[in-house]
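Structure, as structure tokens:
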């Protein structure tokens, strides 16, 4: 009996020790975290002051955040168009006064997204076999392919757009290249992860019956990953529509250039009109591609 | 197995009977891939014509791209501390923006997520309403938010932080709500059975199950924001992007490439750090 109580006491002291050391780690990490938050709040300008002139004419110094909030409200209020019930039609016509240009640019945006997606699918699909650890013909090929995909994915598409606008001139061509290159990186990574999760036995079978590396990929790997590839591609198309509506801001075609013009000319209601156009078209594309994706996934489940 | 096939022809015909689709060589099965390929090529051709992508223009663009790429090596190294401190400050600002923006987004997003979770919010209309609200927040591009916040707070990281935070609220609320919905009911029943309040049921029944998922979502979004934070600087919302856009506008390509390399290195460090944290915390 005394033996048992001794064990229990030993356990309790040990437990208390472990608890104490865990507490210590917890306190230290919370303190570190708080320091990081305070430091980054300082760097981020949360404690910065700015001069504001009051309606009475005197100038006082105020926290920047506090001074900015009312301006934010004003700005957002200005973008709301005046819509009256009695003249709704003409008010809408005034709100969307440039609808012809906007529709043309919306079509251009969607075309940019489409062409970029096609390029990204071709590039990403080819690279994904080289970048998958289980399928690559040689170790160094995989390392190079992975690094390449990582680099083109880490650089945002707006930066690629800046580079390609210099190369190909202002216009949608630069946009296709920029969005396509960035999307190649993301899709290549997703595809190669799908490739790494496949069943290797079909490939072994093809290899055993004398198939080349290419034939192993074509008849062993591709049929297994196709449903994943299609679903990732549709998801990426949605993302590409969003980003190609932005890249016009640096001159790479699409609706973004209108956003820039409206901002610099202070056409506030144009901004909300453009926002509505982008929101509606993105929602429609999301909806259609979700339906398509479910159908494709359903079909592939039916097959297997 | 009384009617087991005796010869190869029997084997083939029995296989044909079992899997008619595989042996169907007529019509749509062989035609579809060709039609799809043709349609894709035709539509790409239409794009090329519509956008004026003539071979001459492509070749000229690619040769210019080659010129720019040639500036990559050897990488430009700044010689004075002044220039280095500018660049490092910009990089630090980008990381700080991603960190604070993600944190603010998560702090606001967590309570909001409770409104959108099926197992917590019994009111259907409020749940669906908040879900649509999350969707609307996510639909606004970060860079547009940044442009709006620049009007309010002026150029600088403050605008970037708020742009990241607001767009992250939508993302976090949606993902957190899904994480909360995927928890098991049983701990909640246990807490309730021993007399716990609703708040206690959430705190001790649901949160311990959801917190690993929530933490890993936060870390993932932090990584992704430190990648995309670069572009906020291009419009003037603070961070390294401003310096990068400035170097590009001045055609100082060697410096621009060096900045891009430094961005990639920073992102790699953050990925490694967050992988380490993920292993420690979860």
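Residue numbers (my numbering), protein chains in the order written: chain A, 3 to 306; chain B, 123 to 404. Cβ coordinates follow ideal geometry from the N, Cα and C atoms, glycine included.
- Query: Would DSSP call residue 211 of chain B helix, strand or coil?
  - Reply: helix
- Item | Environment of residue 204 of chain B [buried if 16+ CB atoms lie within 10 Å] | exposed
- To the nearest whole angstrom, what separates the beta carbons of residue 64 of chain A and residue 52 of chain A, a pair I think is in contact under 8 Å? 6 Å
- Message: Does the region 339-355 of chain B come into contact with the region 364-375 of chain B, if we say contact requires no fewer than three beta-carbon pairs (one atom in each stretch) closer than 8 Å?
- Response: yes
- Does any C-beta atom of chain B lie closer than 8 Å to the C-beta of residue 15 of chain A? no
- Message: Taking the straight line between their C-alpha atoms, what separation do you get for residue 173 of chain B and residue 174 of chain A?
- Response: 6 Å
- Rounded separation between residue 141 of chain A and residue 399 of chain B - CA only: 29 Å
- Message: For residue 235 of chain A, tell me which candidate among A:119, A:103, A:27 has the shortest Cα-Cα distance.
- Response: A:119
- Item | Option in B:402, B:290, B:193, B:303 with minimal Cα separation from residue 350 of chain B | B:290
- Task: Grab me the residues of residue 200 of chain A's own chain with a C-beta within less than 7 Å of its C-beta, minus the 5 sequence neighbours each way, in chain order.
- Result: 223, 226, 227
- Item | Within 8 Å, strictly: CB atoms of residue 238 of chain A and residue 284 of chain A | no
- How do the region 273-292 of chain B and the region 70-79 of chain A stand: do at least 3 beta-carbon pairs fall below 8 Å, yes or no? yes
- Task: Whole angstroms is fine: what's the gap from residue 169 of chain B's alpha carbon to residue 116 of chain A's?
- Result: 9 Å
- If you draw a straight line from the C-alpha of residue 240 of chain B to the C-alpha of residue 91 of chain A, how long is it? 40 Å
- Query: Are the beta-carbon atoms of residue 125 of chain A and residue 278 of chain B separated by less than 8 Å?
  - Reply: no
- Query: Is any beta-carbon of chain B found at less than 8 Å from that of residue 165 of chain A?
  - Reply: yes
- Can you tell me whether DSSP reads residue 269 of chain A as helix, strand or coil? coil
- Candidates A:257, A:216, A:233, A:77: closest to residue 132 of chain A by CA position: A:216
- Message: Just to confirm before moving on: does the CB-CB distance between residue 180 of chain A and residue 168 of chain A stay below 8 Å?
- Response: no
- Item | Helix, strand or coil at residue 55 of chain A according to DSSP, with G and I counted as helix | strand
- Message: Give me the subset of the region 170-184 of chain B whose CB atoms are less than 9 Å from a CB atom of chain A, sorted by chain position.
- Response: 170, 172, 173, 174, 175, 179, 180, 182, 183, 184
- Query: On the premise that residue 328 of chain B lies in contact with residue 298 of chain B, defined as a C-beta separation below 8 Å, what is that separation, rounded to the nearest angstrom?
  - Reply: Contact doesn't hold; Cβ gap of about 11 Å is too wide.
- Listing by chain order, which chain B residues have their CB less than 7 Å from the CB of residue 153 of chain A? 386
- Task: Could you check the C-alpha separation between residue 260 of chain B and residue 292 of chain B for me, to the nearest Å?
- Result: 5 Å
- Query: Relative to chain A, which residues along the region 329-359 of chain B have a C-beta separation below 8 Å, given in chain order?
  - Reply: 349, 350, 352, 353, 356, 357
- Message: For residue 262 of chain A, which residues in the same chain have their Cβ closer than 8 Å to its Cβ, ignoring the five residues on either side in sequence?
- Response: 250, 251
- Query: Rounded to whole angstroms, how far is the Cβ of residue 231 of chain A from the Cβ of residue 196 of chain A, which I believe are closer than 8 Å?
  - Reply: 7 Å
- Message: Please state the DSSP three-state secondary structure of residue 65 of chain A.
- Response: strand
- Query: CB of residue 194 of chain B to nearest heavy atom of the ligand GTP: below 7 Å?
  - Reply: Only the bare structure without any ligand can be found here, which leaves the ligand GTP out of the picture.
- Own chain residues within Cβ distance below 7 Å of residue 336 of chain B, not counting five before or after: 298, 301
- Cβ pair residue 193 of chain B, residue 376 of chain B closer than 8 Å: yes
- With 8 Å set as the bound, which would you pick, yes or no: does the beta-carbon of residue 218 of chain B sit closer than that to a beta-carbon of chain A? yes
- Query: To which residues of the same chain is residue 83 of chain A closer than 6 Å at the C-beta, ignoring the five residues directly before and after it?
  - Reply: 97, 271
- What is the rounded straight-line gap between the Cα of residue 295 of chain A and the Cα of residue 288 of chain A? 10 Å
- Message: Using the Cβ count rule (16 or more neighbours within 10 Å means buried), how would you classify residue 131 of chain B?
- Response: exposed
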